[in-house]
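Numbering (the numbering used here), first residue to last: 2 to 253.
Backbone N, C-alpha and C fix where the C-beta goes; we use that ideal spot for every residue, glycine too.
Note that the structure is a prediction, hence the values are computed from the model and not measured.
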C-alpha cells in the first residue's frame with residue numbers, strides 16, 4: 002500500500018464516519034493521496050493525518066471546512082527517514098526509492114499553502130521509531146518554522162491554542178487567559194528549538210502549580226511573568242476545571 006494509493010471507497014468512508022459520529026466519537030484518518038483527502042472531507046472526517054499530496058480540490062474543500070477539520074502532517078517521521086535512518090538500515094537511496102523524499106517535498110508545499118489559507122495544521126504524530134523516538138516531539142515546532150513557513154509564534158500557537166481546540170477544550174486549554182488552565186513553560190529565548198533541550202527549560206507550571214523553577218539568572222524572567230499574572234489576574238484567579246469545578250490558585 003503506497004502513499005499515493007487510495008484503498009477505501011467513498012461509501013465505506015461515509016459509513017465509518019456516520020457510525021462513529023452516531024456514537025459520539027470523532028474520526029481521524031490517515032490520508033496522504035489527494036483522492037483520499039477529498040473523500041475525508043466529503044465524509045466529514047474530523048482529523049486528517051498527513052495530507053501530503055493535497056491538490057487544489059483538496060485545499061478548496063479543507064478551506065471550506067477549516068472551522069471543523071484539523072490537519073496533522075506528522076512530517077517528522079518521513080523527513081528523518083530521508084536523513085537520519087541509515088544506521089538503522091534505511092539509507093537515503095532506499096528512502097528515495099520508496100518515495101519518501103518526494104512525499105516530504107509535496108507535504109511541505111501543501112502545508113505552506115494550507116497555512117496561507119488559514120487551515121488548522123497541528124504538530125505531532127508518528128513518533129516512536131528508532132530514528133524518531135518518543136520524547137522528541139518538540140522537533141515538530143522547528144519543522145513548522147523551517148519547512149512550512151510559520152513564524153516561531155505561529156508554530157507555538159499551533160502546538161498550544163490549536164492543541165486545546167483539537168482536544169475539544171478550546172475554552173480551557175492552550176492559552177494564557179482567565180478561565181484557562183494555567184500551564185506555562187519558561188524559557189529564555191524565542192527560538193523554538195529550545196524545547197528540544199530540557200536543560201534549557203527553566204520553569205514548568207501546571208495549572209498554576211510550580212513543578213520546576215530554576216534559580217538565578219532566570220529568576221528575573223519568572224518575576225516578570227509573576228508581575229504579568231498579578232496585573233492580569235489580581236494575584237489569584239478562578240480557573241474552570243474540566244469537570245466544571247472552580248479551582249482557586251494563588252501564585253506560587
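The beta carbon of residue 67 sits closer than 8 Å to the beta carbons of 118, 119, 120 and 121 from its chain, once the five residues preceding and following it are set aside; these are given in chain order. The alpha-carbon separation between residue 170 and residue 45 amounts to approximately 20 Å. For residue 130, the three-state secondary structure derived from DSSP is strand. In this structure residue 60 is buried. Its beta-carbon is surrounded by 16 or more other beta-carbon atoms within 10 angstroms. With fewer than 16 other Cβ atoms inside 10 Å of its own Cβ, residue 210 counts as exposed.
Its Cα nearest to that of residue 28, the residue 17 stands out among 168, 17, 38 and 57.
Considering only 124, 150 and 115, the residue with the shortest C-alpha distance to residue 163 is 124. Contact between residue 31 and residue 7 does not hold, since their C-beta atoms are separated by about 11 Å, which reaches or exceeds 8 Å. Counting only residues of its own chain and dropping the five nearest sequence neighbours on each side, residue 188 has a CB closer than 7 Å to the CB of 195, 201, 202 and 203.
An exposed status is given to residue 57, since fewer than 16 other beta-carbon atoms sit within 10 Å of its beta-carbon. Counting other Cβ atoms within 10 Å of its Cβ, residue 115 reaches 16 or more and is therefore classed as buried.
In the DSSP assignment, residue 29 is bridged to 48. Distances from the alpha-carbon of residue 22 to those of 52, 47 and 10 put 47 closest. Scanning its chain for C-beta atoms nearer than 7 Å, with the 5 sequence neighbours on each side dropped, one finds around residue 107 the residues 53 and 54, in chain order. The residues 185, in chain order, have a CB closer than 6 Å to that of residue 206 in the same chain once the five nearest residues on each side in sequence are set aside. Residue 206 carries a strand assignment under DSSP once its states are collapsed to helix, strand and coil. When the five nearest sequence neighbours on each side are left out, the beta carbons in the same chain lying within less than 7 Å of the beta carbon of residue 149 are those of 109, 112, 113 and 116, in order along the chain. Cα atoms of residue 208 and residue 142: separation of roughly 23 Å, rounded to the nearest angstrom.
Looking at 42, 101 and 77, the one whose alpha-carbon comes closest to that of residue 62 is 42. As the crow flies, the alpha-carbon of residue 173 is around 42 Å from that of residue 89. Within the DSSP bridge table, the entry for residue 186 names 205 as partners.
The alpha-carbon separation between residue 87 and residue 96 amounts to approximately 9 Å. Judged by DSSP secondary structure, residue 71 falls outside any alpha helix (DSSP H) and instead within the beta strand (DSSP E) spanning 71-73.
Beta-bridge annotation (DSSP): residue 211 is paired with 206.
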